[in-house]
Every structure is written in structure tokens, then in C-alpha cells.
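K.L.:
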Amino acid sequence: MFSYQIESSDHQASIMLYGDLDIEVSEIVEKEIKPILTKFERVTIHLGEVPFVDSTGIGVLINLIDTLRKNNEHSQITIIEVQPLVQEVFDMIQLREILGEEVLI
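Going by numbering that gives the first Met the number 0, 40 is the number at position 41 of the sequence shown; the sequence numbering is gapless.
Structural data, given as C-alpha cells:
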């Protein structure tokens, strides 16, 4: 089961994701997470508790980051604490090149 927690202060937010990033998450991101995160200039996405990601989950991440960038051209978004199996998927599809070196840490 997927869940999330957002902590924020001033212009910065950190979101901790828990569970698989798959098709079931897309509606939650669209309706709940995006409206909150678009208010912040700096967003850190913690994937330490995400054991699995599929193509839909990757699409959700890319779409979220694109939306945040469109809302604020000065936005700083980082993805941290990526689990090894998820990192393998990110490496396979060259997600670092798609999102930018500064996003995936």
C-alpha cells in the first residue's frame, strides 16, 4: 500500500514516499501531492522506502517534476535515497539524463 508524508518550511518541502510507485499511485499524485508541492521552490523526494517502480511510476515522477518546473522556473528538485533495485531501473532508462544530473543524487 502506498502512502506519503510531506514536511515543509518556508519555500522548501520534503516528501517521503512509502510503497510501490505504480499505476495505483498516479491518481494520488495528481489529486493530492501535486497541488501541495507546486507551492514550493525546493522539493526533495525521498525514495528510501520505495522498493519497486514500474513504467507508470516513472511517468508519474517525470510528470511531477515537469509540473514543478513549469510552475516555477527557479525550482530545485532532488530525488534522494533511491533503493538499489529502483536505481537499476533508473539507470537502465537513463533517467538521470532525462531529468538532469542535479535531480538524481
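We treat Cβ as the ideally placed atom computed from N, Cα and C, and that holds for glycine.
None of the values given here were measured: they were computed from a predicted structure.
Taking buried to mean at least 16 other C-beta atoms within 10 Å of its own C-beta, is H45 buried or exposed?
P.N.:
So H45 counts as buried.
K.L.:
Comparing alpha-carbon positions, which option in V28, V42, M15, K33 lies nearest T77?
P.N.:
Among V28, V42, M15, K33, the Cα nearest to that of T77 belongs to V42.
K.L.:
Spell out a yes or no on whether the region 87 to 102 and the region 15 to 26 are touching, meaning 3 or more CB-CB pairs, one atom from each, closer than 8 Å.
P.N.:
Contact fails: fewer than three Cβ-Cβ distances are below 8 Å.
K.L.:
Is T66 helix, strand or coil when you go by DSSP?
P.N.:
Looking at T66 - three-state DSSP - the assignment turns out to be helix.
K.L.:
Return the residue from the list L84, D21, I104 that minimises the CA-CA distance to G56.
P.N.:
Ranking L84, D21, I104 by Cα distance to G56 puts D21 first.
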